[in-house]
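Note sheet for the following structure.
Residue numbers (the working numbering): 21 to 145.
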């Protein structure tokens with residue numbers, strides 16, 4: 021897996037709250053969150069979106085990404101690393117204009133999709 025130039029660990033969809041503590045991103049799927057968090061410990065509240073709130077009973081049983089989701093995540097990280105290297109602007113997103121920021125996210129999105137398709141080709145089903 022390609023590491024981002026910052027050297028920071030790559031954790032999807034966190035933090036789920038802005039500096040004021042308001043919900044921003046769903047901890048589970050990354051969509052827009054509402055005010056229901058699942059983390060009983062101090063720190064990030066792990067807010068959820070409406071769809072994930074409905075499925076919370078099933079979600080509580082799953083605490084980590086499965087192997088296909090991890091492969092998709094690795095594909096996204098690789099694609100972002102390649103895009104940052106190709107653009108030569110470094111990891112500081114403030115140097116990117118709006119188009120470059122969108123293209124970076126597009127690279128991540130497409131990389132995740134490629135990683136998931138590659139993993140599913142080897143699936144036993």
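All residues carry an ideal CB built from backbone N, CA and C; glycine is no exception.
query, result
"Distance, residue 64 Cα to residue 99 Cα", "27 Å"
"Cα-Cα separation between residue 69 and residue 38, rounded to whole angstroms", "15 Å"
"Buried versus exposed, by CB contacts within 10 Å (16 or more), residue 41", "exposed"
"Residue 29, DSSP secondary structure in three states", "For residue 29, the pLDDT reaches just 49, beneath the cut-off of 50, and the residue's location in the model is therefore unreliable, although a value from the coordinates is still provided. In the structure shown, residue 29 sits in coil (DSSP, three-state: anything other than H, G, I, E or B)."
"Alpha carbon of residue 113 to alpha carbon of residue 121, nearest angstrom", "7 Å"
"Pair within 7 Å by beta-carbon distance, residue 101 and residue 134", "no"
"Sequence-distant residues of the same chain with beta carbon closer than 7 Å to residue 21, five excluded per side", "Bear in mind that the predicted position of residue 21 carries a pLDDT of just 44, short of 50, making it unreliable; the figure below should be weighed with that in mind. Excluding residues within five positions, the ones whose Cβ falls inside 7 Å are 94, 97 and 98."
"Residue 139: CB within 6 Å of a non-hydrogen atom of the ligand SAH", "In the structure shown, the ligand SAH is absent, as is every other ligand, since no ligand is present at all."
"Alpha carbon of residue 137 to alpha carbon of residue 91, nearest angstrom", "9 Å"
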